[in-house]
Every structure is written in structure tokens, then in C-alpha cells.
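Trainee: Please read through the structure below; I'll follow up with questions.
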Amino acid sequence: ENMCYFLYSHLWWHYALVLLEGGEVDEALRIFDERLWPIDDSSTNFREDVQVQMNAMELLWKLESLNCSELAKPRWHSVISVAKTFIGKRADLLHEVLMLRGLLELGEQQDVEKVMKSIKML
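Rendered as C-alpha cells:
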């Protein structure tokens, strides 16, 4: 737990992927809620790290690809509420694409347009 934010979250992301591949959706969600995007996280710096956000959004997209959208959607709200505060402030295409996916899932059209404009500026 004393690792840099990216490494900490990325290793847990890999573990969650292994769990999903084994059909252990509930355990992967526990990892998401406790390690990738902790519900009771008091460290705003952790959630503001672009790579932490990417790990969280990538796992949510993976859940959707496994027909678990109903489980991913409430978590998208939490991640996107933080990630969208950085629209146009970062130059990472993958982050923008992942954020776009979440915004589309949530039907946040106004922010979708902002992200599209941001992508065009990259």
C-alpha cells in the first residue's frame, strides 16, 4: 500500500481481470470498491491520478463487455464525477476515450461534446 498510486491500482486491476476471467464478478467488484476506487477513500490525490482513473474506467468497460452493465453503471457515476473535472486539462487519448465511454453510458451528452472537442485538440 506504500506504492505509487498507479502501481498500486494497476496491480489490483490485473488481479480483478483475472477474477473476471474466472467468472468471479462479485470478487472483482469487491476489488474495485476497496482497491481501485475505494468508496471510503479520503485521499483525493488517489482519485485525481489519471492512471488510477484509467484503471477504474478500464475495469468498468470490461464489466460491460461481460454483460454486467447494471453492476458497472453506478460505479461509472462515481469515477466520471471525478474524471470529468479534468476534461481538456490532460493530453492522454486513452483517458479521454475511456471517459467518453463512461459519459455515453450515463447519457451525459453535454460532457460527451466537451470530450470530443478535447480529443480533437490532441
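Numbering (this note's numbering) for the sequence shown: 12 to 133.
By construction, the Cβ of each residue, glycine as well, lies at the ideal position given by its N, Cα and C atoms.
Quick one: what does DSSP say W23 is sitting in, helix, strand or coil?
Mentor: Helix, per DSSP.
Trainee: Which word fits D122, buried or exposed, when buried means at least 16 other C-beta atoms lie within 10 angstroms of its C-beta?
Mentor: Result: buried.
Trainee: Can you give the Cα-Cα distance for L133 and E116, rounded to whole angstroms?
Mentor: Approximately 23 Å between the Cα atoms of the pair.
Trainee: Please name the residue in E107, R112, L40, V61 whose C-alpha comes closest to that of K128.
Mentor: Selected option, being the one with the closest Cα: E107.
Trainee: If you drop the 5 nearest sequence neighbours on each side, which residues of the same chain put their C-beta closer than 7 Å to that of R101?
Mentor: Contacts found: V61.
Trainee: If you check the beta carbons only, do W87 and L71 fall under 8 Å apart?
Mentor: Yes. Within cutoff.
Trainee: In whole angstroms, give me the CA-to-CA distance for S80 and Y19.
Mentor: Looking at the two C-alpha atoms, the distance is approximately 25 Å.
Trainee: Out of curiosity, what's the CA-to-CA distance linking R46 and E124?
Mentor: Cα to Cα, the separation comes out at about 31 Å.
Trainee: So L111 is in the alpha helix (DSSP H); what residue range does that whole segment cover?
Mentor: From DSSP, the alpha helix (DSSP H) with L111 extends over 104-117.
Trainee: Whose C-beta lies closer than 6 Å to the C-beta of A180 among residues of the same chain, with five residues either side of it excluded?
Mentor: No statement about residue 180 is possible, as the shown extent of the chain runs from 12 to 133 and does not include it.
Trainee: Where does E35 sit, in a helix, a strand or coil, going by DSSP?
Mentor: E35: coil per DSSP, three-state reduction.
Trainee: For the alpha helix (DSSP H) that contains L70, what are its first and last residues?
Mentor: That run of the alpha helix (DSSP H) goes 61-76.
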